[in-house]
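There are 2 protein chains.
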Amino acid sequence: MSDFRVFYLGVGSATPSLRHQPSCQVIDFRSRLFMVDCGEGAQIGMRRMKLKFSRLEHVFISHLHGDHFFGLPGLLSTMALHEVGGSLTVHFPAEGVDWLIDTMDRFCKYRSFDINIEPIPSEGGLIFEDNSLTVEAIPLNHRIPCTGFVFREKPRLRSLKKDMVEWLDIPIKLRHGIKEGNDYITDDGRVFKNEQLTIDPAPAKSYAYCSDTRFEPKIASYIGTTDVLYHESTYLEQDRQKADERFHSTAADAVRMAALVKAKVLVLGHYSKSYQETQGHLDEANEVAQELCPELKIICADEGLVLDI
Amino acid sequence: MSDFRVFYLGVGSATPSLRHQPSCQVIDFRSRLFMVDCGEGAQIGMRRMKLKFSRLEHVFISHLHGDHFFGLPGLLSTMALHEVGGSLTVHFPAEGVDWLIDTMDRFCKYRSFDINIEPIPSEGGLIFEDNSLTVEAIPLNHRIPCTGFVFREKPRLRSLKKDMVEWLDIPIKLRHGIKEGNDYITDDGRVFKNEQLTIDPAPAKSYAYCSDTRFEPKIASYIGTTDVLYHESTYLEQDRQKADERFHSTAADAVRMAALVKAKVLVLGHYSKSYQETQGHLDEANEVAQELCPELKIICADEGLVLDI
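These protein sequences, in sequence, are chains L and H.
According to the working numbering, the first sequence holds residues 253 to 561 in order.
According to the working numbering, the second sequence holds residues 253 to 561 in order.
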């Protein structure tokens, strides 16, 4: 099983429907959960996908349209009732932090877990880092301040060649340094180069989340490159005018961004409820990809999708 | 089709589950909709039961536990996006009105409908009245201020006997008075008593909603009598201690209240998620009813139930 995967809980747009839930994704990175957006019904989505509240460590809210955060008070209240311990950090748009604090103080006062509310800088930048992962905020171009997020695994340490370690009987205290790239010098002065002792680690992976936004090439420069890109595709090109007016993207726009950030996989979502099904999105995206980036794999997300990064 | 019916959108308790939605009911009274409580997912429940947002005129929120009102921001936002016209009145616990105004101002500013927010007096009393209906708030006994609601149809006018009206050629301007109980005196002085001219109207009906509360006989004195009583039954008698500690009722408590208010029908709901199914509630209620009020009809509500009052 992959240790970096994304669960899609809601891939609909502005108004929930019987077909789609509002935006919510959960990233499972080495057994810790990171939620991105939290539309109404997110807590039910977690139950449905058997994601434990107690493993949830961070929530990132892209912007303050209700379909991206109205599930948060309910989720936090339920976590409080469940007597989940530990701590949870909510990365929230700066202009709404006072509202969230007020809402928690009023309706979710008695909690068994600590809650930290971190304002997201609208200019973007690094907002989370630990030994194995970074999360960067990416300024998007929507009607109100909106940020995307890039989850980037840090390069893993090199893997020791077990037979060499045993043959040379390398002391345990030196092994970490060798994983980091050191050579090994024996007591009698013989030098073993690092490439004799280790093999390349699995490549570090990354996942970028872009919702909601108009297509703008500048966004790609913030993202850099990514293995997998989730990009909103509220509309199709046939509804280009609506997309422009409402600061949203088409399926074709999403492919254009995927090409700029050299993604291997593009995941589409945030479909307008005016489309009954997603075949149109897939067809439009594949057509554009054939020209721009024929290797790109395109997936239309649906509630319940689980994707290994 | 009845012109006074209740749609049950959510009959679960504190935390939503895959089995039950949080509290929400919609009363359809002569084609106008009155929502009682608005747990997360209420807007989806309306779609599922094909209840039009444009017909919703009043929302009543019993108390400020999240499972009774966290669906409200999403519902109002969706109504705004749908460009529903007219006006909507939200009857909201007084201590939360400033929060609701702030939330609407921030996240649901551009609305095509007028919204009136009316604080509910914690001491109860008449909170709505028009030509055909009254709604009274009933103080309940919960951990925080909580009110129930009684929807009471006003007595209908008497029905004219069509043959008498034609035979006597009663002027149109006098007919309303006769429906109200007047006699009719002909130009030559003959008196026709009202009971010769009219028949009894259909009896006026009432529906009382009690959630969340401990059992307290005083509540019955506020309700008076009602045809149909919805009463929370979070627990069974086997969990009496939990019920007492958490200010909730058992199925047996609900029957006791039904007996006091002389209800003909009792609807149970707000089940704790610790029970897998409702047979235990039905059995316990029927056992108590056999002694106290053997004529009582008992229904365990489920999502999707529609009940004619």
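All C-beta atoms, glycine included, are put in the ideal place defined by N, C-alpha and C.
Source: prediction; values computed, not measured.
- Residue environment analysis places G291 of chain H among the buried positions, since at least 16 neighbouring C-beta atoms fall within 10 angstroms of its C-beta.
- Boundaries of the alpha helix (DSSP H) around E447 of chain L: N446 to L449.
- Secondary structure remark: continuous alpha helix (DSSP H) runs of at least 4 residues inside the stretch 402 to 472 of chain H, in chain order: 414 to 420, 424 to 431 and 446 to 449.
- Nearest to S265 of chain H by C-alpha distance, out of H:A553, H:C552, H:G521 and H:A541, is H:G521.
- Proximity of chain L to Q295 of chain H at the Cβ level (cut-off 7 angstroms) is accounted for by P268, in chain order.
- For E539 of chain H, the closest Cβ of chain L is not nearer than 8 angstroms.
- With respect to D289 of chain H, I313 of chain H sits close: the two C-beta atoms are nearer than 8 angstroms.
- For secondary structure counted as the alpha helix (DSSP H) over 4 or more consecutive residues, the stretch 483 to 559 of chain L holds these complete runs in sequence order: 492 to 497, 503 to 512 and 531 to 544.
- At least one CB of chain L lies nearer than 8 angstroms to the CB of W351 of chain H.
- The beta-carbon of D464 of chain L is placed no less than 8 angstroms from the nearest beta-carbon of chain H.
- Cβ contact annotation for T530 of chain L (same chain, cutoff 8 angstroms, sequence separation greater than five): L520, Y523, C552 and D554, in chain order.
- Under the three-pair Cβ rule at 8 angstroms, the stretch 530 to 543 of chain H counts as touching the stretch 503 to 512 of chain H.
- In the structure shown, Y260 of chain H falls within a strand segment according to DSSP collapsed to helix, strand and coil.
- Exclusion of the five residues before and after Y474 of chain H leaves G376, I390 and P391 as the residues of its chain whose Cβ lies within less than 7 angstroms of its Cβ.
- By the criterion of at least three beta-carbon pairs nearer than 8 angstroms, the stretch 381 to 400 of chain H is not in contact with the stretch 290 to 307 of chain H.
- Boundaries of the alpha helix (DSSP H) around R300 of chain H: A294 to R300.
- Non-local C-beta neighbours of R284 of chain H in its own chain, meaning closer than 7 angstroms and more than five positions away in sequence, comprise R307 and E309, ordered along the chain.
- Not one beta carbon of chain H lies nearer than 8 angstroms to the beta carbon of F286 of chain L.
- A check of alpha carbon separations from M509 of chain L across L:Y461, L:Q493 and L:R492 identifies L:Y461 as the nearest.
- For I372 of chain L, the enclosing beta strand (DSSP E) begins and ends at D366 to I372.
- In its chain, beyond the 5 residues on either side, C276, C290, G291, E292, G293, A294 and Q295 have a beta carbon closer than 7 angstroms to the beta carbon of G323 of chain L.
- Going by beta carbons, V311 of chain H and V342 of chain H fall inside the 8 angstroms limit.
- Annotated as distal: L303 of chain H and V336 of chain H, with beta-carbon spacing of 8 angstroms or more.
- In the same chain as W351 of chain H, and ignoring 5 residues on each side of it, no C-beta atom comes closer than 7 angstroms to its own.
- Cα atoms of G441 of chain H and D255 of chain H: separation of roughly 40 angstroms, rounded to the nearest angstrom.
- Nearest CB-CB separation between G318 of chain L and chain H: below the 8 angstroms threshold.
- With a 10 Å radius around the Cβ and a threshold of 16 neighbouring Cβ atoms, R492 of chain L comes out exposed.
- Inclusion of S339 of chain H and D366 of chain H in the CB contact set at 8 angstroms is warranted, their separation being smaller than that value.
- Chain H has a Cβ within less than 8 angstroms of the Cβ of D354 of chain L.
- Chain H has no Cβ within less than 8 angstroms of the Cβ of S526 of chain L.
- Here the C-alpha atom of V507 of chain H lies approximately 6 angstroms from the C-alpha atom of A541 of chain H.
- Within 8 angstroms of the CB of F380 of chain L, no CB atom of chain H is found; the nearest one sits about 25 angstroms away.
- For A332 of chain H, the enclosing alpha helix (DSSP H) has its first and last residue at L324 to L333.
- Taking the beta carbon of P325 of chain L as reference, the chain H residues within 7 angstroms of it are G318 and F322, listed in sequence order.
- Here D280 of chain H is bridged, per DSSP, to H:R257 and H:L285.
- When only Cα atoms are considered, L548 of chain H and H533 of chain H end up about 15 angstroms apart.
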